[in-house]
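In the working numbering, the protein residues as written are 12 to 474. Encoded as structure tokens, the structure appears first; notes follow it.
Laid out in structure tokens, this is it:
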């Protein structure tokens, strides 16, 4: 392969790393004005050129941190990003998302034809908004939060539709290049996060680094790198994109996250039917394991404990009990309403523990805000799948966890074996269920919706 092409991809990674660092590092430093700078630059870029504005938006979403970095005790390191900075009651990421949705919808309406799938999704937004009106008086902020969940979904789907209709016609190869760009951003963010974890380990004494939510995107990007291993021109870039998310997951151990990432990797390997791909994966895993053991033994010991222990009757089983009681009470709420079992309770809805009380006190456990416990109104259950089942009923649950995976598999089978689209669809198929089990933040909601957009709008050979 041409040496200049290899060098170009490597320098592209370095450029992406610098851009990611410019966006990510100020959030660790809690520079309060910087998120406004990112937001304003993004809006100007959108007005100047839509594709440029969308690219900057996605880069900013992946590069920005969204959760304070817990030190394993009561202390935490505050962050300042588009996810944590607000204008009035609306944070910058939601406002940015609303602007993009309105902007792209106006483009659709200029053509005097709204795509029927976008129309259907928008109709759901109206229906669930109306269903939830009855709950606004209890805690209006929860209605807004649930509304934002759906807007994030519409944003991701609309972005993909716009790009497929414009930028990716007729050259679908751009889809791979753009996805690889975001993959480089993700890899850079995981490297920066790992360096941050090592830095604060020198300043504080603790055992566990609780990562921001973007690390769950490993479910998509690791399969993506595996599928397109031969399309990376630089081996250094390929291994960086594979190595950095694995290293970050060793640094910040979470049993559930490891399970769903393994699930996405196994799905990819089973469908590809190429065991030899393990020769790329196993050395990276071993190297990550060794580096964490050597340079961050506190994290390493916590990871081993996390992966090898489960206390029956301890915190872990109490957490499982909370989730079980949540599900039973949500199910009973659906039975009492009747209609909601099918279509859900809507935005701002809640469940209570009247039918099945919690067998232990909830105060001081961190499971819910005290005001929810006091009023016996729980607006957000643990686990995204329970959230979807409560708010959107069996209809929403089956669309996400049955229809979309089946549609992705059907399109994967129909796509040409050597096509870029087939590889993108495989990465989407491997990650759609894991991400919708965990999309508890705006970042994950937008990114998982992008995958939904790919599944819905990527055309197969005979379409």
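Think of the CB as a built atom: it goes at the ideal place given N, C-alpha and C, for glycine as much as any other residue.
What residues in its chain sit with their C-beta under 8 angstroms from that of residue 97, if we drop five residues either side in the sequence?
For the purposes of this step, residue 97 is taken as residue 86 along the chain shown, with counting starting at 1. Within the same chain, residue 97 has close Cβ partners 103.
According to DSSP, simplified to helix, strand and coil, what is residue 358?
If you number the chain shown from 1, residue 358 lands on position 347. Coil at residue 358, not helix or strand.
In the DSSP assignment, find the alpha helix (DSSP H) that holds residue 432 and state where it starts and stops.
Stepping through the chain shown from its first residue, residue 432 is reached at position 421. 431-447 is the span of the alpha helix (DSSP H), which, as asked, contains residue 432.
With a cut-off of 8 angstroms on the beta carbons, I'd call residue 74 and residue 34 a contact; round off their distance for me.
Counted from its first residue, the chain shown places residue 74 at position 63. Counted from its first residue, the chain shown places residue 34 at position 23. The Cβ separation is near 4 angstroms, so the contact holds.
Measure the C-alpha to C-alpha separation of residue 291 and residue 194 and round it to an integer number of angstroms.
Reading the chain shown from its first residue, position 280 is the one you call residue 291. Reading the chain shown from its first residue, position 183 is the one you call residue 194. Approximately 17 angstroms between the Cα atoms of the pair.
In this structure, does DSSP put residue 364 in helix, strand or coil?
Mapped onto the chain shown, residue 364 falls at position 353. Residue 364: coil per DSSP, three-state reduction.
The alpha helix (DSSP H) spanning residue 427 covers which residue range?
Indexing the chain shown from 1 puts residue 427 at position 416. From DSSP, residue 427 is part of no alpha helix (DSSP H); its letter is neither H nor E.
Under a Cβ-count criterion, where at least 16 other Cβ atoms within 10 Å of its own Cβ denotes burial, should residue 465 be classed as buried or exposed?
Here residue 465 refers to the residue found at position 454 when the chain shown is read from its first residue. Buried, by the Cβ-count rule.
Since residue 102 sits in a beta bridge, which residues does DSSP pair it with?
Position 91 of the chain shown holds residue 102. Paired residues: 97.
When you compare only the Cα positions, how much space is there between residue 243 and residue 159?
Here the question's residue 243 lines up with position 232 in the chain shown. Here the question's residue 159 lines up with position 148 in the chain shown. Going from the Cα of residue 243 to the Cα of residue 159 covers about 36 angstroms.
I believe residue 133 touches residue 90 by the beta-carbon criterion, under 8 angstroms. Please report the beta-carbon distance rounded to the nearest angstrom.
The sequence position of residue 133 within the chain shown is 122, counting from 1. The sequence position of residue 90 within the chain shown is 79, counting from 1. That pair is no contact at about 33 angstroms.
By Cβ distance below 6 angstroms, which residues in the same chain neighbour residue 328 in space, the five residues on each side in sequence not counted?
On the chain shown, residue 328 is found 317 positions in, with the first residue counted as 1. Because the pLDDT at residue 328 is just 47, under 50, the model does not fix this residue reliably, and the point stays unresolved.
Is residue 344 closer than 8 angstroms to residue 362 when the C-beta atoms are compared?
Translated into positions along the chain shown, residue 362 becomes position 351. Translated into positions along the chain shown, residue 344 becomes position 333. Against a cut-off of 8 angstroms, the Cβ pair of residue 344 and residue 362 comes out as a contact.
Within 8 angstroms, do at least three Cβ pairs link the region 434-454 to the region 271-279?
They touch, by the three-pair rule.
Using alpha carbons as the reference points, say which of 410, 314, 364, 286 lies closest to residue 299.
Sequence index remark: in the chain shown, residue 299 carries index 288 (1-based). Out of 410, 314, 364, 286, 314 has the C-alpha closest to the C-alpha of residue 299.
Taking C-beta to C-beta, are residue 448 and residue 233 nearer than 8 angstroms?
On the chain shown, residue 448 is found 437 positions in, with the first residue counted as 1. On the chain shown, residue 233 is found 222 positions in, with the first residue counted as 1. Contact: no.
Quick one, which of 22, 49, 303, 184 has its alpha-carbon nearest residue 209's?
Taking the chain shown and counting its residues from 1, one reaches residue 209 at position 198. For the residues 22, 49, 303, 184, the minimum Cα distance to residue 209 belongs to 303.
Between which residues of its own chain and residue 311 is the CB-CB distance below 7 angstroms, once the five residues before and five after are set aside?
Translated into the one-based positions of the chain shown, residue 311 becomes position 300. Cβ neighbours of residue 311 beyond the five flanking positions: 303, 304.
Flag residue 463 as yes if its beta-carbon sits less than 8 angstroms from any beta-carbon of chain D, otherwise no.
Going by chain labels, chain D is absent from the structure shown, which holds only one protein chain.
Do the region 251-262 and the region 198-213 meet, that is, are 3 or more Cβ pairs less than 8 angstroms apart?
Yes: the two stretches touch, three or more of their Cβ pairs being nearer than 8 angstroms.
Identify which residue in 333, 167, 263, 240 has its Cα closest to the Cα of residue 287.
The count along the chain shown starts at 1 and reaches residue 287 at position 276. Of the candidates 333, 167, 263, 240, the one whose C-alpha sits nearest the C-alpha of residue 287 is 240.
Just the C-alpha distance for residue 336 and residue 405, rounded to the nearest angstrom, thanks.
Residue 336 sits at position 325 when you count from the first residue of the chain shown. Residue 405 sits at position 394 when you count from the first residue of the chain shown. Taking the straight line from one Cα to the other gives about 18 angstroms.
Along the chain, where does the alpha helix (DSSP H) containing residue 291 start, and where does it finish?
Residue 291 sits at position 280 when you count from the first residue of the chain shown. Per DSSP, residue 291 belongs to the alpha helix (DSSP H) from 289-306.
Alpha carbons only, please: which of 426, 348, 342 is nearest the one belonging to residue 396?
Taking the chain shown and counting its residues from 1, the one referred to as residue 396 is at position 385. Among 426, 348, 342, the Cα nearest to that of residue 396 is on 342.
Once DSSP output is grouped into helix, strand and coil, what is the label at residue 389?
Along the chain shown, read from residue 1 onward, the residue named residue 389 stands at position 378. DSSP places residue 389 in strand when its eight states are reduced to three.
On the CB-based measure, 16 or more other CB atoms within 10 Å of its CB, does residue 445 come out buried or exposed?
Counted from its first residue, the chain shown places residue 445 at position 434. With 16 or more other Cβ atoms within 10 Å, it is buried.
On the three-state DSSP scale, how would you describe residue 147?
To locate residue 147, count along the chain shown from 1; it is residue 136. In the structure shown, residue 147 sits in coil (DSSP, three-state: anything other than H, G, I, E or B).
Going by C-alpha to C-alpha distance, which of 106, 167, 21, 453 sits closest to residue 50?
Along the chain shown, read from residue 1 onward, the residue named residue 50 stands at position 39. Ranking 106, 167, 21, 453 by Cα distance to residue 50 puts 106 first.
For residue 231 versus residue 417, is the C-beta spacing smaller than 8 angstroms?
Numbered from its first residue, the chain shown carries residue 231 at position 220. Numbered from its first residue, the chain shown carries residue 417 at position 406. No, these two residues do not count as a Cβ contact at 8 angstroms.
Would you give the residue range spanned by the alpha helix (DSSP H) that residue 32 belongs to?
Stepping through the chain shown from its first residue, residue 32 is reached at position 21. Its alpha helix (DSSP H) spans residues 14-39.
On a Cα-Cα basis, can you pick out the residue from 451, 458, 374, 308 that is closest to residue 220?
In the chain shown, counting from the first residue as 1, residue 220 sits at position 209. The option with the nearest alpha carbon to residue 220 is 308.
Out of 185, 43, 399, point me to the one whose CA is closest to residue 412's CA.
Working through the chain shown from its first residue, we reach residue 412 at position 401. Among 185, 43, 399, the Cα nearest to that of residue 412 is on 399.
So, residue 28 versus residue 454, is the Cβ gap smaller than 8 angstroms?
For the purposes of this step, residue 28 is taken as the residue at position 17 of the chain shown. For the purposes of this step, residue 454 is taken as the residue at position 443 of the chain shown. No, Cβ-Cβ distance for residue 28 and residue 454 is not below 8 angstroms.
Among 252, 116, 131, 468, which one has its Cα closest to the Cα of residue 24?
As a position in the chain shown, residue 24 is number 13, starting the count at 1. For the residues 252, 116, 131, 468, the minimum Cα distance to residue 24 belongs to 252.
From residue 401 to residue 21, what does the alpha carbon distance come to, in whole angstroms?
As a position in the chain shown, residue 401 is number 390, starting the count at 1. As a position in the chain shown, residue 21 is number 10, starting the count at 1. Cα to Cα, residue 401 sits roughly 46 angstroms from residue 21.
For residue 349, does the count of other Cβ atoms within 10 angstroms reach 16, so buried, or fall short, so exposed?
As a first step, residue 349 must be located in the chain shown, where it is residue number 338. Exposed: under 16 other Cβ atoms inside 10 Å.
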